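*Asks:* Chains as they are written, first to last, in full-length UniProt numbering: chain A, 1 to 414; chain B, 1 to 414; chain C, 1 to 414; chain D, 1 to 414.
Glycine included, each C-beta is placed from N, C-alpha and C at the ideal position.
Computed from a prediction, not measured in an experiment: that's the story for all the values here.
I'd like to ask you about the structure that follows.
Number of protein chains: 4
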Amino acid sequence: MSYKVKDLSLADKGKVQIEWARKHMPVLDIIHEEFSKEKPLKGIRISAVLHVTKETAVLVETLMAGGAEVWLAASNPLSTQDDVAAALAVEGVHVFAWRGETQEEYFDAIKTIAEAQPHIVIDDGGDLHAYLHSSAEEIARKVFGGTEETTTGVHRLKAMEKQKILKYPVIAVNNALTKFMFDNRYGTGQSTIDGILRATNILIAGKIVVVAGYGWVGRGIALRARGMGARVIITEVDPIRALEAVMDGFEVMKMDKAAELGDIFITATGNIDVITKRHFEKMKDGVILANAGHFDVEVSVRDLESIAVSKREIRNCVTEYVLPSGKRLYLLGKGRLVNLVCAEGHSSEVMDMSFANQALSVRYIVENKDVLEKRVYDVPREIDSRVAELKLRSMGIEIDSLTEEQRRYLESWK
Amino acid sequence: MSYKVKDLSLADKGKVQIEWARKHMPVLDIIHEEFSKEKPLKGIRISAVLHVTKETAVLVETLMAGGAEVWLAASNPLSTQDDVAAALAVEGVHVFAWRGETQEEYFDAIKTIAEAQPHIVIDDGGDLHAYLHSSAEEIARKVFGGTEETTTGVHRLKAMEKQKILKYPVIAVNNALTKFMFDNRYGTGQSTIDGILRATNILIAGKIVVVAGYGWVGRGIALRARGMGARVIITEVDPIRALEAVMDGFEVMKMDKAAELGDIFITATGNIDVITKRHFEKMKDGVILANAGHFDVEVSVRDLESIAVSKREIRNCVTEYVLPSGKRLYLLGKGRLVNLVCAEGHSSEVMDMSFANQALSVRYIVENKDVLEKRVYDVPREIDSRVAELKLRSMGIEIDSLTEEQRRYLESWK
Amino acid sequence: MSYKVKDLSLADKGKVQIEWARKHMPVLDIIHEEFSKEKPLKGIRISAVLHVTKETAVLVETLMAGGAEVWLAASNPLSTQDDVAAALAVEGVHVFAWRGETQEEYFDAIKTIAEAQPHIVIDDGGDLHAYLHSSAEEIARKVFGGTEETTTGVHRLKAMEKQKILKYPVIAVNNALTKFMFDNRYGTGQSTIDGILRATNILIAGKIVVVAGYGWVGRGIALRARGMGARVIITEVDPIRALEAVMDGFEVMKMDKAAELGDIFITATGNIDVITKRHFEKMKDGVILANAGHFDVEVSVRDLESIAVSKREIRNCVTEYVLPSGKRLYLLGKGRLVNLVCAEGHSSEVMDMSFANQALSVRYIVENKDVLEKRVYDVPREIDSRVAELKLRSMGIEIDSLTEEQRRYLESWK
Amino acid sequence: MSYKVKDLSLADKGKVQIEWARKHMPVLDIIHEEFSKEKPLKGIRISAVLHVTKETAVLVETLMAGGAEVWLAASNPLSTQDDVAAALAVEGVHVFAWRGETQEEYFDAIKTIAEAQPHIVIDDGGDLHAYLHSSAEEIARKVFGGTEETTTGVHRLKAMEKQKILKYPVIAVNNALTKFMFDNRYGTGQSTIDGILRATNILIAGKIVVVAGYGWVGRGIALRARGMGARVIITEVDPIRALEAVMDGFEVMKMDKAAELGDIFITATGNIDVITKRHFEKMKDGVILANAGHFDVEVSVRDLESIAVSKREIRNCVTEYVLPSGKRLYLLGKGRLVNLVCAEGHSSEVMDMSFANQALSVRYIVENKDVLEKRVYDVPREIDSRVAELKLRSMGIEIDSLTEEQRRYLESWK
């Protein structure tokens with residue numbers, strides 16, 4: 001048995017965490033039961049690069065219940081929960097992950113699990129796919145197929161597909177409706193508010209919240225901020241989305257004007273320089289700045305640093321910048337994703353939907369390996385629907401189904 | 001000058017109606033001004049089959065401001081507003097429409113405007129397109145292009161495209177985001193509630209409203225019913241939509257169960273037999289039944305008629321059916337579209353968005369007639385965006401635009 | 001049998017109306033059944049001045065089921081539904097009411113029913129109470145007690161109480177929680193939106209709605225306007241209410257500023273001159289003005305008339321005023337209560353709550369006539385609670401009740 | 001200079017905390033400025049028993065700005081923030097408070113500040129008032145007056161008033177509209193959700209949340225839970241409140257039935273035994289139990305302990321109870337107030353409103369000491385209004401005021 005974790009004695013603590021997650025991942029739980037009976041992954045070796053968290057543990061256990069042997073490395077040197085890693089090691093997972101890996105150790109771990117000669121690879125960001133294609137082509141050639149969890153990873157794989165160098169089929173789990181519609185809108189919507197509350201403990205009711213961007217994430221945040229009693233202002237660059245925001249009852253204006261009004265600013269655009277120097281200068285004293293979009297470039301931390309005359313940590317996750325005018329601005333989580341840095345990121349329920357797509361996609365690859373081409377596929381619609389069905393079932397909700405007559409009627413006019 | 005209307009002396013009354021509509025169609029108003037200056041339709045003859053309403057009059061005036069000569073017939077024998085038709089005749093439109101046309105008169109009118117040898121044809125339902133393709137091929141061959149307002153019409157045209165018999169390019173105005181997203185969600189959402197209130201004057205707060213279907217229309221209705229204080233139950237056949245409804249805080253269940261709970265039922269599925277005999281039998285005494293979807297087949301009027309022991313009109317738009325058990329059910333607007341039959345259908349603001357797409361699509365065809373193929377096109381994205389922009393402008397709302405750096409950044413990672 | 005109505009042949013039509021109302025007045029329905037069994041009003045003569053509508057008919061039938069003999073006159077010369085009056089006459093009610101009474105006929109009718117020597121009087125506005133106290137003191141002296149439906153009537157009676165000239169006890173039905181909290185907030189909230197939609201058919205989503213006053217009525221309207229997708233601005237003179245509006249997520253500002261922003265203005269303050277000349281002059285072209293508060297003095301029709309250069313009816317219930325600047329303002333229902341004038345006022349469900357308080361208060365007076373003093377009483381809390389209980393029961397809703405231990409615990413610390 | 005704190009070297013850290021609080025207490029900030037100019041508390045000695053937190057520090061500084069000398073002790077042995085206490089000591093406050101006082105030390109501190117011979121006393125819970133009345137009557141006799149922050153304290157003082165043993169006038173700050181309406185509804189509404197999120201990180205959207213009690217607190221929680229996407233069920237014992245909940249669109253039922261449906265239960269009744277053994281036994285596996293009402297008696301922890309076969313801490317603030325059936329229930333914060341135990345209690349904005357009433361009430365007592373009787377007074381309406389006005393002003397919000405004509409009109413009919 002091979003593995004490398006920080007401290008095996010943390011296993012019991014990790015086990016409790018995994019149990020708590022499992023309670024909130026009912027879809028994987030149903031799949032787990034199904035996999036246990038049908039063993040669809042019997043004899044399959046899977047190498048996975050994922051954040052080594054309690055939710056990932058529930059996915060890994062599901063794959064093992066299906067008969068798979070699992071090798072696991074971390075998708076980020078800082079995100080491993082050492083107690084969970086220990087628990088997985090005890091359960092027989094070949095886990096090579098600990099919090100605080102060096103860059104070298106991080107890549108070594110990926111190399112180790114790649115060399116396990118997996119039939120299936122699961123990746124979160126594309127580093128494992130990249131390693132297989134660049135440094136282990138022999139192994140890659142024998143891979144039945146892979147999945148990818150993130151937008152960035154899918155982007156890298158699409159580039160490889162375009163260059164016709166992809167060595168195995170990949171399913172872009174990121175594109176499942178039951179993933180992105182749920183984690184962006186409901187997941188990030190809630191956890192962004194959560195991050196702001198944990199960081200600041202301010203009262204949201206009566207505040208003016210400016211949300212930059214009215215995509216799925218921005219909508220989720222706007223809805224939740226309104227739900228907490230805020231008056232919400234939207235900024236957008238796309239006129240159709242801007243108009244939707246208006247019709248949804250929100251105020252819409254340029255950031256230049258919103259900058260003068262807002263108490264709390266939240267960016268969710270996926271773009272750079274959404275809030276910059278000239279906006280900071282217009283803001284009221286005491287405003288709060290948070291980013292729920294991409295990286296720490298949406299709120300321009302660079303600009304903030306350049307104009308501030310002083311800076312200090314006020315509370316955990318809150319940095320105060322004093323401008324030359326004496327005005328104070330409060331940046332949360334250093335401008336990084338506020339829901340990850342200041343709260344706990346996605347809840348188990350949200351990861352459940354995403355990982356259910358992973359588990360079913362893995363099975364799909366195994367069962368269709370002979371017909372799949374070396375392409376990047378969307379999650380098949382039937383898997384997407386199945387995940388929604390299982391989620392509804394886990395909630396005890398039954399829905400109608402079309403009768404034969406109804407199906408015919410729909411086909412006749414559509 | 002040729003036209004045929006019921007009574008020219010109604011023109012003044014019609015003019016007032018048109019003015020009222022114009023006040024609530026600011027996008028067309030801006031386009032009207034633009035067309036007046038630039039005359040992009042100079043020398044263009046347009047034949048249009050549309051409901052002859054005050055909103056259509058505003059579209060026609062806009063086309064004429066652009067330099068066009070307009071021939072107009074009704075798209076439904078019963079929907080013509082005679083005062084509006086009279087006003088248009090006085091303004092120089094070749095209008096052939098009156099309320100209560102016979103079937104023969106209806107088709108004669110279409111024939112008349114087809115024979116005017118139009119450069120552009122505008123249709124609502126496809127009867128004009130059909131006539132040109134079947135009975136006036138010579139004329140059709142010289143048409144620059146056409147537009148189509150409805151799903152049904154687009155469906156017919158796509159069939160013709162598939163059979164390669166389309167004689168000119170057609171733009172499916174129906175598919176513009178600024179049309180279907182707005183009229184379905186915001187337009188029908190409001191007017192369905194309006195129809196129910198006018199028909200019944202019941203208090204919605206505290207009632208259980210069952211909405212069948214969680215597409216754009218169903219969502220709009222659910223949102224508005226909740227906004228009036230109802231407890232809303234959704235029924236759906238698609239698990240992903242059903243799950244969205246759950247995550248939006250609604251109850252979701254089978255119609256068989258909802259039938260026992262609801263006070264008001266509203267169908268919005270586009271399908272047949274959504275509420276049938278076995279549901280009626282489970283319902284509480286006194287429930288209200290309305291359809292906001294397709295035809296009078298969603299709530300099965302046939303089933304209702306077959307099981308009822310008696311039937312009478314209680315109020316305008318309200319028919320009472322007594323079941324053998326003595327229970328009374330109230331059907332609104334005979335099961336036809338409740339917003340059209342019991343209220344006034346779409347408001348001018350909603351038609352404004354749709355007809356702005358019409359006006360700009362007509363201009364687009366004229367300017368691109370040499371490059372357009374004999375196909376069914378979606379409304380070009382730039383027109384769709386333009387309509388949204390003009391709507392925002394008419395509301396005095398300014399939005400941000402991407403800087404060059406932002407545009408590059410987006411392209412770099414997407 | 002004595003009565004005076006317009007046309008007895010309308011009775012069948014009236015009967016249908018009354019049935020429809022009864023279906024939506026479940027609380028009175030339960031009381032009706034109870035009264036039928038227990039006959040608490042046996043031998044009691046009741047004279048009532050009320051709007052002669054289908055809902056009043058359901059109250060009258062309930063009183064008769066309890067054993068009462070009922071004499072009925074109209075509380076407004078214009079509000080009588082002649083078909084309902086006819087149906088009541090046929091049922092044996094001494095009804096003296098028809099639409100379009102002269103002032104003299106109106107007071108004659110009141111005189112007639114006063115002279116019937118009632119044990120109990122029910123009044124809506126105070127004219128019957130006033131007549132008894134000023135012109136029929138002998139009769140008044142023998143009255144067991146009375147009720148009063150309106151704020152104005154209660155005001156008049158309190159003045160009489162203060163002067164110690166009240167000749168019988170009166171219960172101020174108007175002050176029941178289950179009356180004013182429900183009809184103001186939920187009733188007027190909905191029917192105001194309804195009135196605006198029927199008058200204008202405009203789309204509310206995306207509009208800026210200015211609500212003057214954040215009392216019960218204003219809150220109801222603000223909630224419903226937001227529920228239809230509007231952006232809502234509140235004006236207030238009371239800082240605590242204004243702050244509540246802010247904390248509820250609304251914008252709050254002076255009317256002077258709101259006047260520049262709003263698309264629709266709705267007054268609900270109970271005061272004069274809320275919107276006046278200087279506000280009209282700041283408004284955007286095309287705004288809509290409606291009053292949901294007191295009389296036609298909230299929106300100053302006087303000012304509007306004085307500054308307008310022209311005026312005309314655009315649609316039923318919509319008057320267009322053109323200002324010297326050419327700007328057009330649209331006043332609904334001549335500035336009178338928009339929910340009454342442009343829609344149908346309160347729904348039967350709302351009147352049900354109010355009239356249930358009437359019926360139970362009448363019974364209460366009969367049963368407590370020996371202990372009640374010549375004062376104005378609030379509706380006893382147990383009646384108020386009972387009405388709520390019956391309403392819940394009619395909806396099939398069961399609630400918890402305190403255990404003995406819980407009751408003791410509450411008493412111990414409160 | 002006398003004081004007793006844990007560690008004076010924490011003063012700098014405390015100062016940062018106080019600054020952060022001050023930024024979110026704008027009403028006190030305005031009063032601070034006013035007090036600095038007018039010195040209304042010159043020569044006044046104040047003894048205060050309050051939670052020694054950053055918000056209390058802002059109140060104390062305000063009183064000192066007014067010229068007062070302040071003596072401060074903790075109102076709870078565990079709630080003192082030692083860094084804030086240190087900062088206050090450095091600023092010259094006679095503070096006798098540290099986290100982890102013994103019961104004896106707690107009462108010693110109260111004794112110390114009582115013996116400072118205050119002109120004004122501020123209390124939170126009534127221990128200082130009680131001490132003065134029982135053990136320091138001489139001192140009490142010279143007190144100008146006092147204030148009381150809590151319901152419990154007011155209750156104790158009212159009992160003393162009834163027995164005519166009150167030695168000075170007391171203002172019940174707890175009863176100010178700008179206190180209880182805001183902290184209960186907006187404060188506890190938000191912080192309860194916050195506590196649940198911090199404890200569990202579960203997704204609220206799509207969950208069934210059962211709120212027991214529809215008073216101010218319950219309303220606030222219900223609104224926020226709905227705002228986060230939950231389906232909300234209310235239980236109530238008062239039929240009028242229950243009916244309001246129904247009319248607000250919530251489901252209402254008995255706890256016995258809700259117990260079978262809920263995912264998350266939150267009690268807010270102020271009563272005992274709201275959720276007991278028989279409810280636990282009906283619940284689904286995995287439900288979450290939280291209390292936002294009184295003490296740990298609303299959710300019967302006693303019952304839970306008695307039926308559970310095992311119990312363990314799963315996460316900070318989450319205790320898992322396993323029932324004999326194998327079902328697991330998760331109790332948050334041991335059943336104590338979830339917003340205090342699992343989150344940070346009220347935000348500074350909420351305390352701002354409460355403490356502004358304190359500061360203005362203190363001034364009021366000083367200025368009216370000669371006319372006030374030895375009674376328990378409500379906060380004068382003008383102070384309540386003033387707090388709301390200042391809060392609006394701090395937000396840059398201006399509201400209308402009545403004209404002379406409007407004032408007269410109102411008086412004429414009310």
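Who does residue 123 (chain D) pair with in a DSSP beta bridge?
*Replies:* Translated into positions along the fourth sequence, residue 123 (chain D) becomes position 123. According to DSSP, which records beta bridges pairwise, residue 123 (chain D) is partnered with D:148.
*Asks:* Report yes if the CB atom of residue 399 (chain A) is closer than 9 Å to the CB atom of residue 332 (chain A), and no otherwise.
*Replies:* Mapped onto the first sequence, residue 399 (chain A) falls at position 399. Mapped onto the first sequence, residue 332 (chain A) falls at position 332. No. Outside cutoff.
*Asks:* Determine the contact status of residue 303 (chain A) and residue 284 (chain A), defining contact as a CB-CB distance below 9 Å.
*Replies:* Against the first sequence, residue 303 (chain A) aligns to sequence position 303. Against the first sequence, residue 284 (chain A) aligns to sequence position 284. Their beta carbons are not under 9 Å apart, which means residue 303 (chain A) does not touch residue 284 (chain A) by this criterion.
*Asks:* Okay, do the segment 173-185 of chain A and the segment 145-153 of chain A touch, 3+ Cβ pairs below 8 Å being the bar?
*Replies:* Touching, yes.
*Asks:* Counting beta carbon pairs with one atom in the segment 68-81 of chain C and one in the segment 157-172 of chain C, are three or more of them shorter than 8 Å?
*Replies:* no
*Asks:* Less than 9 Å between the beta carbons of residue 45 (chain C) and residue 140 (chain C), yes or no?
*Replies:* Within the third sequence, residue 45 (chain C) is the residue found at index 45, counting from 1. Within the third sequence, residue 140 (chain C) is the residue found at index 140, counting from 1. Against a cut-off of 9 Å, the Cβ pair of residue 140 (chain C) and residue 45 (chain C) comes out as no contact.
*Asks:* In or out: residue 407 (chain D) buried (at least 16 other Cβ within 10 Å) or exposed?
*Replies:* In the fourth sequence, counting from the first residue as 1, residue 407 (chain D) sits at position 407. Exposed.
*Asks:* Quick one: grab the DSSP three-state call for residue 341 (chain A).
*Replies:* Along the first sequence, read from residue 1 onward, the residue named residue 341 (chain A) stands at position 341. If DSSP states are grouped into helix, strand and coil, residue 341 (chain A) belongs with the helices.
*Asks:* Can you tell me the Cα-Cα spacing of residue 296 (chain A) and residue 353 (chain D), whole angstroms?
*Replies:* Residue 296 (chain A) sits at position 296 when you count from the first residue of the first sequence. Residue 353 (chain D) sits at position 353 when you count from the first residue of the fourth sequence. Their Cα atoms are separated by approximately 35 Å.
*Asks:* Just the C-alpha distance for residue 242 (chain C) and residue 174 (chain B), rounded to the nearest angstrom, thanks.
*Replies:* By one-based count along the third sequence, residue 242 (chain C) stands at place 242. By one-based count along the second sequence, residue 174 (chain B) stands at place 174. Whole-angstrom Cα-Cα distance: 44 Å.
*Asks:* Would you mind telling me which residues of chain B sit closer than 7 Å to residue 246 (chain D), beta carbon to beta carbon, in chain order?
*Replies:* For the purposes of this step, residue 246 (chain D) is identified with residue 246 of the fourth sequence, where counting begins at 1. 206, listed in chain order.
*Asks:* With a CB to CB cut of under 6 Å and the five nearest residues on each side skipped, what residues in its chain are close to residue 57 (chain C)?
*Replies:* The residue labelled residue 57 (chain C) in the question sits at position 57 within the third sequence. Non-local beta-carbon contacts of residue 57 (chain C) in its own chain, meaning distances under 6 Å to residues more than five positions away in sequence, involve 18, 84, 88 in chain order.
*Asks:* Mind pulling the chain B residues with CB within less than 7 Å of residue 270 (chain C)?
*Replies:* Numbered from 1 along the third sequence, position 270 holds the residue referred to as residue 270 (chain C). Those within 7 Å of residue 270 (chain C) in chain B number zero; the least Cβ separation is about 22 Å.
*Asks:* I'd like to know if the segment 190-204 of chain C and the segment 188-201 of chain B are in contact, where contact means that at least 3 CB-CB pairs between them fall below 8 Å.
*Replies:* yes
*Asks:* Quick check on the DSSP output: what are the complete beta strand (DSSP E) runs of length 3 or more inside the segment 348-384 of chain A, in order along the chain?
*Replies:* 376-378
*Asks:* Report the residues of the segment 246-261 of chain A with a CB closer than 9 Å to any CB of chain C, ordered along the chain.
*Replies:* 246, 247, 248, 249, 250, 251
*Asks:* Note down the Cα distance separating residue 367 (chain B) from residue 41 (chain B), rounded to an integer number of angstroms.
*Replies:* Sequence index remark: in the second sequence, residue 367 (chain B) carries index 367 (1-based). Sequence index remark: in the second sequence, residue 41 (chain B) carries index 41 (1-based). Distance between the alpha carbons of residue 367 (chain B) and residue 41 (chain B): 9 Å.
*Asks:* Could you list which residues in chain A have their beta carbon closer than 7 Å to that of residue 228 (chain D), in chain order?
*Replies:* As a position in the fourth sequence, residue 228 (chain D) is number 228, starting the count at 1. Within chain A, the residues near residue 228 (chain D) are 190, 224, 227.
*Asks:* Put residue 236 (chain D) into one of helix, strand or coil per three-state DSSP.
*Replies:* On the fourth sequence, position 236 is the one that residue 236 (chain D) refers to. Coil, per DSSP.
*Asks:* What residues in the segment 306-322 of chain B bring their beta carbon closer than 7 Å to a beta carbon of chain C?
*Replies:* Residues 314, 315.
*Asks:* Find the nearest neighbour of residue 96 (chain A) within the set A:74, A:90, A:104, judged by alpha-carbon distance.
*Replies:* Your numbering for residue 96 (chain A) matches position 96 in the first sequence. The residue with the shortest Cα to Cα distance from residue 96 (chain A) is A:74.
*Asks:* Note the first and the last residue of the continuous alpha helix (DSSP H) segment covering residue 279 (chain B).
*Replies:* Taking the second sequence and counting its residues from 1, one reaches residue 279 (chain B) at position 279. Here the alpha helix (DSSP H) through residue 279 (chain B) covers 277-280.
*Asks:* Whole alpha helix (DSSP H) runs in the segment 287-321 of chain D with 4 or more residues, listed along the chain?
*Replies:* With a minimum length of 4 residues, the unbroken runs of alpha helix (DSSP H) contained wholly in the segment 287-321 of chain D fall at 301-307.
*Asks:* Ends of the beta strand (DSSP E) at residue 71 (chain D)?
*Replies:* One-based indexing of the fourth sequence puts residue 71 (chain D) at position 71. Here the beta strand (DSSP E) through residue 71 (chain D) covers 69-74.
*Asks:* How would you list, in chain order, the residues of chain B whose beta-carbon sits under 7 Å from the beta-carbon of residue 347 (chain C)?
*Replies:* Counted from its first residue, the third sequence places residue 347 (chain C) at position 347. Ordered by position in chain B, the residues that pass the 7 Å Cβ test against residue 347 (chain C) are 201, 202, 203.
*Asks:* Taking only beta-carbon positions, decide if residue 285 (chain A) is within less than 9 Å of chain D.
*Replies:* Taking the first sequence and counting its residues from 1, the one referred to as residue 285 (chain A) is at position 285. Chain D, which has a Cβ nearer than 9 Å to the Cβ of residue 285 (chain A), makes this yes.
*Asks:* With DSSP as the reference, label residue 267 (chain B) as helix, strand or coil.
*Replies:* Translated into positions along the second sequence, residue 267 (chain B) becomes position 267. Strand, per DSSP.
*Asks:* Where do the ends of the alpha helix (DSSP H) carrying residue 191 (chain A) lie?
*Replies:* Locating residue 191 (chain A) in the first sequence gives position 191, where the first residue counts as 1. Run containing residue 191 (chain A): 189-200, per the alpha helix (DSSP H) assignment.
*Asks:* For a contact defined as C-beta to C-beta under 7 Å, what are the partners of residue 194 (chain C) on chain B?
*Replies:* Mapped onto the third sequence, residue 194 (chain C) falls at position 194. Result: 197.
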